[in-house]
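So the mapping is simple: my numbering equals the position in the sequence shown, first residue as 1, plus 48.
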Amino acid sequence: MAEIGFRANAEDERIIRAAMREGERPSDVIRRALRVLHCEMWQEGLRREARRQNGEDLSGEQDGWRYFGF
């Protein structure tokens, strides 16, 4: 695992302290923030794909899954 240096400024430290949950360390908060960033990147990829396919009408196609009424 690579070591990554990070020098938090005063605002970064304020945000990290405000986001800390009981028993968490600053590194835990940063890991959670990275997961949120990853999710945002994934969602942006979906948005780009949707824009790329803009105008494609799929309403006439059969669904790719079935509902069994359970």
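Note that CB positions come from ideal geometry on N, CA and C, so glycine has one too.
Which of the three DSSP states, helix, strand or coil, is assigned to residue i?
| i | result |
| --- | --- |
| Gly93 | helix |
| Glu70 | coil |
| Ile64 | helix |
| Arg99 | helix |
| Arg55 | coil |
| Arg83 | helix |
| Glu88 | helix |
Is the beta carbon of residue i less than 7 Å from the beta carbon of residue j?
| i | j | result |
| --- | --- | --- |
| Pro74 | Ile63 | no |
| Ala66 | Val77 | no |
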